[in-house]
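Residue numbering for the sequence shown follows the working numbering, beginning at 487 and increasing consecutively. Ideal placement from N, C-alpha and C gives every residue a C-beta, glycine not left out. These figures come from a predicted structure and were not determined experimentally.
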Amino acid sequence: MHEIVLTWINLGPRRAEELVQFAQGIADDPSAPVLPQLRHEFVGYGTNVTTIEAQQGIVYHGRMTEAAVAYCNCMEDVKARLRLIKEITEGRSPLGSEGLDGEVVCLLLRKVLEQIAFSSLIAHRETYEAVHNDLGSIWRAKRLLERMDKLHPEFYPSPIKRGVSRHLGVHHHFDPVEDGFLTKDEFVFLYDTASSGIHTWNPFKDAERVLDFQRPIAEWIVRIAALLDHHLVHFAGTKDLWLIQMDSPEDHRVHAFVAPMVTEFPPVPA
């Protein structure tokens, strides 16, 4: 379970600290509900990152949030491509050819998966650069995932869903999504299968011209959306994280909440 108190950037650190103190006071109250064993429980404040705010020069803990903004931009591209695939699979393609539709879907799927992979590279750039020197030239998404998995096994997006907290003072509670999302193994399978459909078929190849995706394309889109809808980005060597919201009710854009893990709380004011 993940329990987070997030305040908006315009409230400022002082207001956020007051909320942390309030939450700690609740936690110290012997009459408060008993908490179950939590894998992660943290009460902190996050910066709601948008491109406009980054251009205005907002700083979070002494550094710019360009990486989070770049990550959000990649996710916006993923959303746009998933919408196009959905249009095709629901019969609204303007191409008028099932064969062309299939080729376009394969290309869009591969680009979606590449964006997910490169988003991970954006988030974990320092971890990657500590070992590899091809940051600007690596292009094969499957190879990138294999490398990241060795460097930081928790690099892959962690899908979460909104839940109900038993802890008073917690404004945002999230539970892990257990199934129904695109796993790392499925990522590799889908990448390989889609890649097979973007090239011209060799006329001398003695095989049926059929790609077996094992699931309907529409179902793969649902699984990708379930992975990304709300997800966490965990970083190596720290419990700080990003919480990514793919469709904010405010503006229907991708938002990133940069949230530190709080292990020691300030004393409760007398």
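CB-CB under 7 Å to residue i, same chain, minus the five flanking residues each way: which ones, in chain order?
i    : result
E600 : A627
P702 : none
V598 : V564, R567, L568 and I710
V650 : H659
L570 : L594
A704 : T575
A712 : P645, V663, G666 and F667
G588 : G683
I602 : V564
D661 : M487, I646, K647 and G649
C560 : Q601, F604, S605 and I608
Just tell me which of the options has its CA closest to the CA of residue i.
i    : options                   : result
F699 : L676, P643 and L568       : L676
H610 : D678, T724, E573 and I703 : T724
L697 : V591, L570 and D661       : V591
S606 : E589, G582, E632 and R739 : E632
V719 : Y642, E584, R596 and E615 : Y642
T669 : N688, P689 and L714       : L714
W687 : G582, V555, I602 and L586 : L586
A616 : A722, V674 and F673       : A722
H717 : I624, V555 and K647       : K647
F673 : R629, F690 and C560       : R629
Three-state secondary structure (DSSP) at residue i?
i    : result
S644 : strand
D737 : coil
L607 : helix
A742 : strand
D587 : helix
I624 : coil
D661 : strand
V617 : coil
D729 : Just to set this straight, residue 729 is Leu in the shown sequence, not Asp. Three-state result, L729: strand.
L595 : helix
L581 : coil
V555 : helix
V719 : strand
V650 : coil
F675 : helix
T575 : helix
L668 : coil
Quick one: what's got a C-beta closer than 8 Å to residue i's C-beta in the same chain, skipping five residues either side?
i    : result
A553 : I608, A609 and R611
I538 : Note that I538 scores a pLDDT of 29, beneath 50, so its modelled location is shaky and nothing firm can be said.
I707 : L568, I571, K572 and T575
Y614 : L607, L621, R633, M634 and L637
D692 : none
Looking only at its own chain, which residues have a Cβ that is under 6 Å from the Cβ of residue i, when we skip the five neighbours before and after it?
i    : result
S579 : D587
Item to check | Three or more C-beta pairs below 8 Å linking the region 680 to 687 and the region 629 to 638 | outcome: no
Next on the checklist: Extract the residue ranges of the alpha helix (DSSP H) inside the region 681 to 715, only unbroken runs of 4 or more that lie entirely within it.
Outcome noted: 703 to 714
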